[in-house]
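The structure appears below as structure tokens.
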Amino acid sequence: MTEQPPPRGLREGARAGLPYAGASGVLALSFGVVATDAGFPALAAVVMSAVVFAGSAQFAAVAILTAGGGVGAAVGAAALMSSRFVPMGFALGPSLCGSRLQRALEGQAVVDSSWAMAARGDGGFDRLYLFGHTGVQYLAWVLGTVAGVVSPSLDARALGLDAVFPAFFLAILANELRDRRRLGVAGAGAALALLLVPVTPPGVPVLVASAVALVGLRRS
Amino acid sequence: MSGGVVAVVVLCAMTTVVLKGIGPFAAGSRELPAPAVRVVVLLAPALLAALVVTNALADGDRLRLGADTAGALAAALLLWRKAHVLVVVLVAAGVTAGLRAVGVG
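Residue numbers (this note's numbering), protein chains in the order written: chain A, 1 to 220; chain B, 1 to 105.
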């Protein structure tokens, strides 16, 4: 057995999170614009970013409302988008501290990039690093939304801001592809998600694609 | 609209809190067994790859190639060349915007 490296701390997480925070800010700006276009009052869009703090869920909910869907459909789509946080939370749980309730509270600090980068590679996560990484991203997410709602004349589509989202996730994914097994799982997850897109509601393809990780039950 | 917006914001906040909290709550302090650890390690690439392709290639329940698909491809190329994440997202937006400006996608 090799010796465990020391856990990475809050400051390190915040520093590593800065570039992702920058990208998050651009994404949040486009959320502010899109939500305002969809008829959200400026304050509601900012409050949504502050209390929901889940980009894919927020975009999904707004898209459903824009398409004429009701409250239930919008919330359901957002919940499906965020359903990936359930398996992610199970994985993170043992690395958090305190009672079950406190762990559930600490688990609110998960976003995709902080979760992926706080992973130590041995199944454990660096807790403070996660908080630092998410913290800077939270600030950027809220401030970016404020910037978006005060500049509603921006055309998010014409500026290509919808490409920020896949590019952002691709950047997080790029850090992950460290061996052939992970590369294979990523390829299979992508393929499965694409197959499901035409036949399931948005959000479901991503949730089901996570099942590909079950190949890990077998030793490599 | 406004009452609906408030309901959507409140309900989305509540569901997100539950979805993010339920895993840590249920897992508690139990150490994961080795096979579960291997699954956890593979969870990130599976989820992230699915998020990338659904965002770059899907529009609701339809698959389509658009200017943003080209933007995502440009991002992939830059990441392969080890570019900074902020550069990557800005170029992705720039390529997409440029293609739309000339009427592609």
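Every residue gets a Cβ at the ideal spot worked out from N, C-alpha and C, and that includes glycine.
Treat the numbers as computed from the prediction; the structure is a model and nothing was measured.
Separation of residue j from residue i, as counted between CA atoms
{"i": "GLY12 (chain A)", "j": "GLY132 (chain A)", "result": "Note on residue identity: the sequence assigns Glu, not Gly, to residue 12 (chain A). Rounded to whole angstroms, GLU12 (chain A) to GLY132 (chain A) spans 7 Å at the Cα level."}
{"i": "GLY4 (chain B)", "j": "ALA77 (chain A)", "result": "15 Å"}
{"i": "LEU192 (chain A)", "j": "VAL208 (chain A)", "result": "8 Å"}
{"i": "MET117 (chain A)", "j": "ILE172 (chain A)", "result": "8 Å"}
{"i": "ALA67 (chain B)", "j": "VAL95 (chain B)", "result": "8 Å"}
{"i": "PHE85 (chain A)", "j": "VAL136 (chain A)", "result": "20 Å"}
{"i": "ARG127 (chain A)", "j": "ALA211 (chain A)", "result": "25 Å"}
{"i": "ALA139 (chain B)", "j": "MET88 (chain A)", "result": "This structure gives no information on residue 139 (chain B), because the portion of chain B shown stretches from 1 to 105."}
{"i": "PRO6 (chain A)", "j": "SER56 (chain A)", "result": "33 Å"}
{"i": "VAL51 (chain A)", "j": "ALA60 (chain A)", "result": "16 Å"}
is_contact[residue i, chain A] using C-beta, thresh 7 Å
{"i": "LEU47 (chain B)", "result": "yes"}
{"i": "ARG81 (chain B)", "result": "no"}
{"i": "GLY71 (chain B)", "result": "yes"}
{"i": "VAL88 (chain B)", "result": "yes"}
{"i": "ASP59 (chain B)", "result": "no"}
{"i": "LEU63 (chain B)", "result": "yes"}
{"i": "LEU51 (chain B)", "result": "yes"}
{"i": "VAL85 (chain B)", "result": "yes"}
Paired residues, beta bridge with residue i - DSSP
{"i": "PHE125 (chain A)", "result": "A:ALA119"}
{"i": "LEU73 (chain B)", "result": "Note: LEU73 (chain B) sits in no beta bridge, so no partner."}
{"i": "LEU63 (chain B)", "result": "B:ALA58"}
Range covered by the alpha helix (DSSP H) that runs through residue i
{"i": "PHE31 (chain A)", "result": "10-37"}
{"i": "THR66 (chain A)", "result": "55-66"}
{"i": "ARG103 (chain A)", "result": "100-106"}
{"i": "GLU31 (chain B)", "result": "Segment: none, GLU31 (chain B) is in no alpha helix (DSSP H) and carries neither H nor E."}
{"i": "THR96 (chain B)", "result": "85-101"}
{"i": "ALA109 (chain A)", "result": "Run containing ALA109 (chain A): none; DSSP gives neither H nor E here."}
{"i": "SER153 (chain A)", "result": "Neither: SER153 (chain A) is in no alpha helix (DSSP H) and is coded neither H nor E."}
{"i": "ARG181 (chain A)", "result": "180-196"}
{"i": "PRO205 (chain A)", "result": "204-209"}
{"i": "GLY76 (chain A)", "result": "71-82"}
Contacts that residue i makes with chain A (C-beta to C-beta distance below 8 Å)
{"i": "VAL9 (chain B)", "result": "ALA44, VAL47, MET48, VAL51 and VAL52"}
{"i": "GLY28 (chain B)", "result": "GLY93, PRO94, ARG100 and ARG103"}
{"i": "LEU32 (chain B)", "result": "ALA91, PRO94 and GLY123"}
7 Å Cβ cutoff, residue i in contact with chain B
{"i": "GLN4 (chain A)", "result": "no"}
{"i": "GLN108 (chain A)", "result": "yes"}
{"i": "PRO7 (chain A)", "result": "no"}
{"i": "ALA78 (chain A)", "result": "yes"}
{"i": "PRO166 (chain A)", "result": "yes"}
{"i": "SER151 (chain A)", "result": "no"}
Chain-ordered neighbours of residue i on chain B, where CB pairs are closer than 9 Å
{"i": "ARG127 (chain A)", "result": "Ordered by position in chain B, no residue passes the 9 Å Cβ test against ARG127 (chain A), which lies about 11 Å from the chain."}
{"i": "PRO87 (chain A)", "result": "GLY23, VAL39, VAL40, LEU43 and LEU47"}
{"i": "ALA28 (chain A)", "result": "What ALA28 (chain A) touches in chain B: nothing, since even the nearest Cβ is about 12 Å away."}
Listed by chain order, chain A residues near residue i by CB distance under 9 Å
{"i": "GLY4 (chain B)", "result": "LEU65, GLY70, VAL71 and ALA74"}
Chain B contact residues for residue i, given Cβ-Cβ distances below 8 Å
{"i": "SER82 (chain A)", "result": "THR15, THR16, LEU19 and LYS20"}
Contacts of residue i in chain B (Cβ-Cβ under 7 Å)
{"i": "PHE40 (chain A)", "result": "VAL5"}
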